[in-house]
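To start, the structure under review is shown below, and the notes come after it.
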Amino acid sequence: MKAMMLKSFGGPDSFELCDVPKPVPGAGQVLVRVHATSINPLDYQVRRGDYAELVPLPAITGHDVSGVVEAVGPGVKSFVPGDEVWYTPQIFDGPGSYAEYHVADESIIGKKPPSLSHLEAASLTLVGGTVWEALTVRAALKVGESILIHGGAGGVGHVAIQLAKAIGARVFTTVREANAEFARSLGADVLIDYEKEGYVDAILRETGGHGVDVVFDTIGGDTLSRSPDVLAQLGRVVSIVDIAKPQNLVQAWGKNASYHFVFTRQNRGKLDELSALVERGQLRPHVGAVYSLADLALAHARLESPNNGLQGKIAIAVEPSLIS
Ligand SMILES: NC(=O)c1ccc[n+]([C@@H]2O[C@H](COP(=O)([O-])OP(=O)(O)OC[C@H]3O[C@@H](n4cnc5c(N)ncnc54)[C@H](OP(=O)(O)O)[C@@H]3O)[C@@H](O)[C@H]2O)c1
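Take 7 as the starting number for the sequence shown in my numbering and just add one per residue.
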């Protein structure tokens, strides 16, 4: 099969299109013909060597799969050949999704929502699972509460806005002006142009000084230490970003705040919950750009560059017919 191999850590050109043996499913495993995958910041972080000690080279990387079951190993109960499936491969544990075929344990695979294309489905598995865990499990966001979602036009942020609205929360989000309409179309109630106004002032003004119940940190920097300034009493902060420097959380005490850190974990249950929302029309990933597997370097370079003009996700068409 064709696969994009990462042979050394470095820039976007570090991938090489190679012929490698097709994997064989073992007991409890499923062989999937990959139709589409996508790109996440994790993918360029892995490529440039941020997690070098966890990724033995050469490696097939990539963290989203939408495809069709080709074969099943002994003992597989939930899938048969021909099923359309979606999932995030185990992170830092075996080959990823930048290949024509992938093998995974059936426990992390879900049935693809029928109303999504493969390009859309592959754009939702990792970010959707992360947002689900962050908002419903950790923040326990409730009907009528308020949430500040940083980076509302990004891969994670645009899904978070939709899930928060589906839960019934009031959504504040930081986006640059060019993405304001996009974020509003997803349901955001209050847009904060982070290039023009500090979000602390904006939140305090919009909430009459009360603050928000939840902050969802997708951008890092000093967000953890500044969040108490915008939190209501008993507020929750959920961060999904690697913390580059220690931060001072002293102000969190006065707000009775709690902090949660999420590193995405895979299971079928989360995918099934996301699928139900998709089929009810409450959640739809936005595919902002599509590249072929052969153009993976271009796709990585685009996601990695600042001011890349992207809204939502970059999908990768592994099946050539998916890209015109
Ligand atoms: N822990 C986990 O399990 C997990 C899972 C998924 C992602 N992540 C992490 O979450 C982060 C976001 O991922 P992503 O897929 O959403 O990335 P993405 O698609 O590149 O989106 C990032 C968004 O952040 C916006 N942004 C940048 N600086 C900002 C600022 N100062 N204020 C407000 N918005 C700002 C960008 O908007 P502009 O267009 O304005 O630049 C962009 O829309 C990454 O660091 C990623 O590694 C972690």
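Heads up, the beta-carbon is just placed ideally off N, CA and C, and yes, glycines get one too.
Just so we're clear, the structure is a prediction, and the values are computed from it rather than from any experiment.
Expected contact under 8 Å - CB spacing of residue i and residue j to nearest Å
i: A194; j: V177; result: 5 Å
i: T43; j: S103; result: 4 Å
i: S129; j: A321; result: 5 Å
i: E139; j: R271; result: 7 Å
i: R39; j: E90; result: Rounded, the Cβ-Cβ distance is 10 Å, inconsistent with contact.
i: A110; j: V206; result: 43 Å between Cβ atoms; not a contact.
i: K319; j: G294; result: 6 Å
i: R144; j: V244; result: 5 Å
i: G6; j: N46; result: The shown model of the chain, from 7 to 330, leaves out residue 6, and the question about it has no answer.
i: H41; j: E310; result: Incorrect: roughly 24 Å between the Cβ atoms, too far for contact.
i: A250; j: G226; result: 7 Å
i: I114; j: F85; result: That belief does not hold up - the Cβ atoms of I114 and F85 are roughly 12 Å apart, past 8 Å.
Nearest-angstrom Cα separation, counted from residue j out to residue i
i: L230; j: K117; result: 36 Å
i: A323; j: K148; result: 37 Å
i: I246; j: H69; result: 16 Å
i: F21; j: L210; result: 47 Å
i: Q96; j: L48; result: 13 Å
i: A172; j: L289; result: 8 Å
i: G163; j: P64; result: 32 Å
i: L23; j: P119; result: 30 Å
i: E183; j: D199; result: 6 Å
i: G16; j: E151; result: 43 Å
i: G174; j: P80; result: 43 Å
i: P18; j: D248; result: 21 Å
i: W92; j: A146; result: 25 Å
i: M11; j: S121; result: 32 Å
i: P101; j: E59; result: 15 Å
i: L240; j: D99; result: 37 Å
i: A189; j: I153; result: 14 Å
i: R54; j: V296; result: 22 Å
i: A263; j: R242; result: 6 Å
i: D25; j: M7; result: 5 Å
i: G204; j: D228; result: 13 Å
i: Y57; j: Y50; result: 10 Å
i: V268; j: K276; result: 14 Å
i: T213; j: K202; result: 19 Å
i: W331; j: L141; result: There is no way to answer for residue 331, as the model of the chain reaches only from 7 to 330.
i: N313; j: A307; result: 12 Å
i: R286; j: G134; result: 15 Å
i: V284; j: H292; result: 12 Å
Beta-bridge partners of residue i, as assigned by DSSP
i: T179; result: I155, L197
i: W92; result: S72, G116
i: S245; result: D223, F267
i: K319; result: V293
i: Y107; result: R39
i: A65; result: L12
i: I45; result: I320
i: V26; result: Looking at the DSSP assignment, V26 forms no beta bridge with any residue, so it has no partner.
i: V218; result: L237
i: A77; result: L37
i: F98; result: According to DSSP, F98 bridges with nothing at all.
i: F21; result: L12
i: S335; result: Residue numbering for the chain in the displayed model covers 7 to 330; residue 335 lies beyond these limits and cannot be assessed.
Pair within 7 Å by beta-carbon distance, residue i and residue j
i: V61; j: V71; result: no
i: H156; j: D223; result: yes
i: N185; j: A159; result: yes
i: A9; j: I66; result: yes
i: V82; j: E106; result: no
i: T94; j: T136; result: no
i: L125; j: L328; result: yes
Contact with chain D by residue i, beta-carbon distance below 7 Å
i: S231; result: The structure shown contains no chain D; it is built from a single protein chain.
Under 8 Å: do the segment 225–240 and the segment 63–83 share three or more Cβ pairs, one atom per stretch? As far as the Cβ criterion goes, the segment 225–240 does not touch the segment 63–83, which means the pair count is below three.
Do the segment 279–287 and the segment 298–308 touch if we need at least three Cβ pairs shorter than 8 Å? no
For the segment 154–172 against the segment 185–194, are there 3 or more C-beta pairs whose distance is under 8 Å? yes
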